[in-house]
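Mapping of the sequence shown onto mature numbering (1 follows the signal peptide of the UniProt record, and there is no 0): residues -22 to -1, 1 to 322, in sequence order. We treat Cβ as the ideally placed atom computed from N, Cα and C, and that holds for glycine. The next block holds one structure in the form of structure tokens; read it before the comments.
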Amino acid sequence: MKTISKITVAGVGALMAGTALAQAETLTINSFGGAYEEAHRECILTPFEKKTGAQVRVVTAYSADAFAQLRAQKNAPQFDVIHFSGGQEIVAAEEGLLSPIDEAKLTNAADVYDFARANLAKGEGPAYSIAAIGLLYNDEAADPKPTAWKDLSNEAYADHIVLTDISNGYGMLGFLMINQVNGGDLDNIQPGLDAVTKLLENGAIVVSTSPEIQQEFAQNDAWIAAYASDYAYTLRKAGLPTAFTQGAEGTPASFITANLVAGRPNQDLAVQLIDMSISPEAQACFAEKLRYSPTNAKTELAGEVAADVAYGEEGVKGLIRFDPVKIEANRSAWVDAWNRTIAR
């Protein structure tokens, strides 16, 4: 009987050790589903698994939902690396949900633009991709071709402009840029609302989703839309002659970040995944697959890809990140004001 007990204890001990090893070699992350998740797997996760021998478990969860889960799991977090595109890492870091990242452990950090790794010590993970918001335009019909946000008011484009509702994240950033160009700021969005009123009076329309933009370009003679660079590529793949330009006054940017979750046992492995995310190879793959802008200065892109993104020192120089925390604090009031404006 004693012998059986010893064997049982030894067996349990071996099982526990094996379980701990398995946990140490598995990372749980979120990704954003669809084409993004496919690219995420191809550009980062599969190469990481091959390099390290670890496994990556993916939970499909967009930024707001992922943040809600992270908060709910505060005392027993399930994610090792969590990805955000709406600035949630700022609040998550303040709440102690994220761990600071030692830049010395990131072999690619030195090549990442300063703005994309500015707050690692606070717990805000690096931006590994950027959705640049500018002007999508019909390269054959738009004459002259737009080069600046102020060009939206050009009468040559009357009846051919598409605006996106600010309930859409990209629509919000585009509106805030219109507001800024017209003299507003995050404390005063009335100049932007006034500008939108004039655009609507001149025939602009408002849509809510990206497929609706495609429909307007394909069927209703739309020429210009304030939206993200990646969607110009989507429209071209659909056979529409669409190009992208960064407005001369600046380019609103949605930062896509990879963040280290606090309270997890395998943080060294998680840091390796974050490091691969900011490598030039991974970022070149993301740019080619989805037309997201790279943050590693050593990323090399082909000419057609480079034309669709904010690329290189000159390209990223004009990036603008509107304060995500302030946006969230004012979102409800701004949406109400926007809805009243477009309902007139």
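Exposure of Arg95, with buried meaning 16 or more beta-carbon neighbours within 10 Å: Residue 95 sits at position 117 when you count from the first residue of the sequence shown. The residue in question, Arg95, is buried, as its Cβ has 16 or more Cβ neighbours within 10 Å.
Should Ile223 be labelled buried (16 or more other beta-carbon atoms within 10 Å of its own) or exposed? Start at 1 with the first residue of the sequence shown, and residue 223 comes out as number 245. For the sequence presented, residue 223 should be read as Thr rather than Ile. The Cβ neighbour count for Thr223, taken over all protein chains shown within 10 Å, is at least 16; the residue is labelled buried.
Just the Cα atoms here: how many angstroms apart are Val294 and Glu67? Position 316 of the sequence shown, counting from 1, holds the residue named residue 294. Position 89 of the sequence shown, counting from 1, holds the residue named residue 67. Taking the straight line joining both Cα atoms gives about 21 Å.
Should the segment 235 to 243 be regarded as contacting the segment 168 to 186, the criterion being three or more beta carbon pairs within less than 8 Å? No, the segment 235 to 243 does not touch the segment 168 to 186.
Taking Val294 as part of the beta strand (DSSP E), name the residues at either end of that continuous run. On the sequence shown, position 316 is the one that residue 294 refers to. Bounds of any beta strand (DSSP E) do not take in Val294; it lies within the alpha helix (DSSP H) bounded by Gly290 to Lys295.
Using 8 Å as the Cβ pair cut-off and three pairs as the minimum, do the segment 208 to 228 and the segment 114 to 129 touch? Short answer: they touch.
Exposed or buried, what is Val239 when buried is set at 16 or more other beta-carbons lying within 10 Å of its beta-carbon? The count along the sequence shown starts at 1 and reaches residue 239 at position 261. Burial call: buried.
Just mark Gln250 as buried or exposed, buried being the case when its beta carbon has 16 or more other beta carbons within 10 Å. As a first step, residue 250 must be located in the sequence shown, where it is residue number 272. Classification of Gln250: buried, given that the 10 Å Cβ count is 16 or more.
Just to confirm, are Ile108 and Ala260 a CB contact at a threshold of 8 Å? The residue you call residue 108 lines up with position 130 of the sequence shown. The residue you call residue 260 lines up with position 282 of the sequence shown. Against a cut-off of 8 Å, the Cβ pair of Ala260 and Ile108 comes out as no contact.
Since His18 is in the alpha helix (DSSP H), which residue starts that stretch and which ends it? On the sequence shown, position 40 is the one that residue 18 refers to. Residues Gly12 to His18.
Cutting at 6 Å between CB atoms, please list the residues of its own chain near Ala71, excluding the five before and the five after it. Taking the first residue of the sequence shown as 1, we reach residue 71 at position 93. Cβ contact annotation for Ala71 (same chain, cutoff 6 Å, sequence separation greater than five): Lys100, Gly101 and Glu102, in chain order.
Beta-carbon separation of Val90 and Leu5 under 8 Å? Along the sequence shown, read from residue 1 onward, the residue named residue 90 stands at position 112. Along the sequence shown, read from residue 1 onward, the residue named residue 5 stands at position 27. Not closer than 8 Å, so no.
Same chain, Cβ closer than 8 Å to Ile191, five either side skipped, listed in chain order: Position 213 of the sequence shown, counted from the start, is the residue given in the question as residue 191. Around Ile191: Leu114, Val140, Thr142, Val185, Ala200, Ala203, Tyr205, Tyr209 and Leu213.
If you reduce the DSSP assignment to three classes, tell me which class Ser41 lands in. One-based indexing of the sequence shown puts residue 41 at position 63. Helix at Ser41.
Residue range of the unbroken beta strand (DSSP E) whose run includes Asn157: Indexing the sequence shown from 1 puts residue 157 at position 179. Bounds of any beta strand (DSSP E) do not take in Asn157; it lies within the alpha helix (DSSP H) bounded by Gly147 to Val159.
CB-CB under 6 Å to Val(-14), same chain, minus the five flanking residues each way: which ones, in chain order? Your numbering for residue -14 matches position 9 in the sequence shown. Confidence at Val(-14) is low in this model, with a pLDDT of 40, below 50, so its placement is unreliable and the value that follows should be read with caution. Hits under 6 Å: none found.
Mind checking which residues open and close the alpha helix (DSSP H) that includes Pro169? As a position in the sequence shown, residue 169 is number 191, starting the count at 1. Element bounds for Pro169: Gln168 to Glu179.
Could you have a look at Thr273 and say whether DSSP puts it in helix, strand or coil? As a working mapping, residue 273 is identified with position 295 in the sequence shown. Coil.
Exposed or buried, Gln158, counting other C-beta atoms within 10 Å across all chains shown (16 or more means buried)? Position 180 of the sequence shown, counted from the first residue, corresponds to residue 158. With 16 or more other Cβ atoms within 10 Å, it is buried.
How about Leu130 and Ala231: are their beta carbons less than 8 Å apart? Residue 130 sits at position 152 when you count from the first residue of the sequence shown. Residue 231 sits at position 253 when you count from the first residue of the sequence shown. The answer is no: Cβ separation not under 8 Å.
Please tell me whether, using a cut-off of 7 Å, the distance from the CB of Glu291 to the nearest non-hydrogen atom of the ligand FAD is below it. For the structure depicted, the ligand FAD is absent and the ligand set is empty, with no information on it obtainable.
Taking the runs of the beta strand (DSSP E) that are 3 residues or longer, which of them lie wholly in the segment 194 to 219? Listed in chain order, they are 202 to 206.
Whole beta strand (DSSP E) elements within the segment 74 to 123, 3-residue minimum: You should have 105 to 116.
Cutoff 7 Å; reference Ala13; Cβ partners in own chain excluding five residues on either side: Within the sequence shown, residue 13 is the residue found at index 35, counting from 1. Within the same chain, Ala13 has close Cβ partners Leu268.
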